[in-house]
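Numbering (this note's numbering), first residue to last: 102 to 810.
Where is the CB? At the ideal position from N, CA and C, for every residue including glycine.
Predicted, not measured: the structure shown is a model, and the values here were computed from it.
Have a look at the structure below before the remarks.
As structure tokens, this is what we get:
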């Protein structure tokens, strides 16, 4: 139990600062600074002072505050965990330095500190100082009566821009081998004098800010302009930062001029980030090199991971209700390993959701029966209202029909390939929509009044959406077809406009001689591309590269899916089973929407496409003819072959082998991964057993807590 507790406490990796580098920045307040300079611990010749231990404990205590305050751990556990953490961090730093490549002094080194790493380290120094000065400047503005909304742009917390991400094909966790030229690009750590010589660069950086990013992704920096704000606030903040350095220096009996203070601080910060970078390189080396060559990620381990999940599913999913509920509670992204049900089957569905906009949301809430006070925008009861209360709006059927076909305004912006066709309407104060007539000059007229397009509401019918969807699919399919037959350079054109289409061409190349397989794969791949652009489903990041949503063919077995979604999916599946849908002919024609079914639910329009079918008793990997025996090399090799040839879904280039390789790999890697944690314990034992760790003055837990409070 104790090892487990200590493992938990040791699992936090300080990715920013080495614990022995920022004594001048310590927030610890004590009147015994001279005493704190005394040696307290020696780790293989490296002296750690009492003050550095207190500073390190302050950081450790803050990062583990919730665990410490839980009362689950005793004071002795916390004390032991802290010293183990502190010691391991220094051991990692020493191991990293010992493994650092240098053409002259350590040509056998396996860690490469390249110009890229050097740039990252120096940028971190600049950002750290900028952040400290900005913190003081915020205080100045706060005392002057400003609130956060009125802060200058250069001290506001960076707002994350909503990125429009495009669908990417599956990428394995397995890292690429380091490029052969890393040794040739290795550079040396800056000397203290070289760091001090960069003081002017640091100060210049502090008085500039990032105004924008250019088309090449480079930051555009401008001088800070305080014309409309508190003049001199940035300079005052910079002085406040230096004053804090002076206060810290005086507490240790040192009296230094301003220039020396700042130079020494920059050196400390630089060394901290440099040491942190080396520690990161060591961890990456163990994760990327050691793990991949270890027996722990062998073929046997990958097959064993598959079988563990397979037998778990085998035992768990024996009741249909439980199966459906569990699958959907995992965001529809689970890998179906085994399906057991004597009467029914399951299938998976991808979908493009065209959501309602805010106007429709407001309209829906006015319907009789809407649960007042609910925190949920849409629910099953609203869908029932649409079906059972048609009489509420039969008198204005056209208006209601328009309302039910209005496309989400935000999603119009996502339609990067085509503009969804549709009409423009004026929304009156009475809630009635009146169709506008487009004029030759691009304006619109409603009841003799002229309006600009932005003053109107764009609406698209279900058929408009499907037509645009078909046009996009047909366009992309033609591009792929032309690419295959080498009749043009359409690949370059589409990749320029949509960089994540590469994998579709890859698949097309691989399947070029298998017409039926190509049609099926191409249809699924392009559907997911469209899903990524069009869909308003918040789960699309999870489902698009996996299976989709799991649906039962049993009537009224909907799990937590919207009823219309499940019923529509079953109807589509029935059409496919009855061969009403001729998949090959549809794909050949380019009218791909005929492969799908469109339903309306309380969430919007769903364009559904069946991905895969799981019959009763089926598993993702066909294990017929195999005798399960992990000690049998032939069995393991055959399983690996079957896993590598089975895709998790038609719309993904991820195989079952990829899926479980990543599963095993992720369990071993990372700062708390099994492999690196084991290495830490081995190093710790090595240092203790060889007498490299000596406590000169070990502060107790209660003493440490008293020092930081």
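A Cβ-Cβ distance of about 6 Å is found for the pair residue 757 and residue 722, placing them in contact under the 8 Å criterion.
Taking a contact to require three or more Cβ pairs closer than 8 Å, the region 553-562 and the region 528-541 qualify as touching.
Short of 8 Å from the beta carbon of residue 771, and not among the five residues preceding or following it, lie these beta carbons of its own chain, in chain order: 388, 777.
Of the residues assessed, residue 150 falls on the buried side of the cut-off, its CB having 16 or more other CB atoms within 10 angstroms. Relative to the Cα of residue 718, the nearest Cα in the group 574, 445, 678, 545 belongs to 445. By the 16-neighbour rule on beta-carbons within 10 angstroms, residue 153 is buried. Just so you know, the alpha carbons of residue 749 and residue 664 end up roughly 26 Å apart. The beta carbons of residue 574 and residue 631 sit closer together than 9 Å. For residue 534, the enclosing beta strand (DSSP E) begins and ends at 534-536.
Our two residues, residue 787 and residue 205, have alpha carbons roughly 28 Å apart in a direct line. Under the three-pair Cβ rule at 8 Å, the region 368-388 counts as touching the region 211-230.
Nearest Cα to residue 763 within the set 541, 221, 274, 166: 274. If you ignore the 5 residues before and after residue 730, its C-beta comes within less than 8 Å of the C-beta of 736, all in its own chain and listed in chain order.
Here residue 706 is bridged, per DSSP, to 455, 701.
Listed in chain order, the non-local C-beta contacts of residue 740 below 6 Å within the same chain comprise 404, local neighbours out to five positions each way being set aside. Nearest to residue 303 by C-alpha distance, out of 780, 368, 577, is 368. Judged by their CB atoms, residue 726 and residue 449 are not nearer to each other than the 9 Å cut-off.
Taking each of 662, 363, 144 in turn and checking the Cα distance to residue 341, the smallest one comes out for 363.
In the DSSP assignment, residue 651 falls within the beta strand (DSSP E) that extends over 650-653.
Under DSSP, residue 320 takes part in a beta bridge, and its partners are 314. Within the same chain, Cβ atoms closer than 8 Å to the Cβ of residue 169 are found at 162, 179, the five residues on either side in sequence being excluded. Residue ranges of uninterrupted beta strand (DSSP E) with 3 or more members, entirely inside the region 140-218 and ordered along the chain, are 140-144, 147-150. In the DSSP annotation of this structure, the continuous segment of the alpha helix (DSSP H) that includes residue 408 starts and ends at 400-417. For residue 369, the enclosing alpha helix (DSSP H) covers residues 359-386. Here residue 524 carries a strand assignment [DSSP, helix/strand/coil]. Selection 402, 182, 438 evaluated against residue 714 yields 438 as nearest (Cα-Cα). The beta carbon of residue 619 sits closer than 7 Å to the beta carbons of 609, 612, 613 from its chain, once the five residues preceding and following it are set aside; these are given in chain order. Assignment of residue 327 by DSSP, reduced to helix, strand and coil, places it in the coil class.
Shown here for residue 200: same chain residues with a beta carbon closer than 6 Å to its own, the five before and five after excluded, namely 210, 211, 212 in chain order. Rounded to whole angstroms, residue 700 and residue 452 show a C-alpha spacing of 10 Å.
About 4 Å separates the CB atoms of residue 625 and residue 751; that is less than 8 Å, so the two are in contact. Counting of Cβ neighbours within 10 angstroms places residue 324 among the exposed residues, the total staying below 16. By the neighbour-count criterion, in which 16 or more other beta carbons inside 10 Å mark a residue as buried, residue 629 falls on the buried side.
By the beta-carbon neighbour count (other beta carbons within 10 angstroms, threshold 16), residue 256 is buried. When beta bridges are read from the DSSP output, residue 226 appears opposite no residue.
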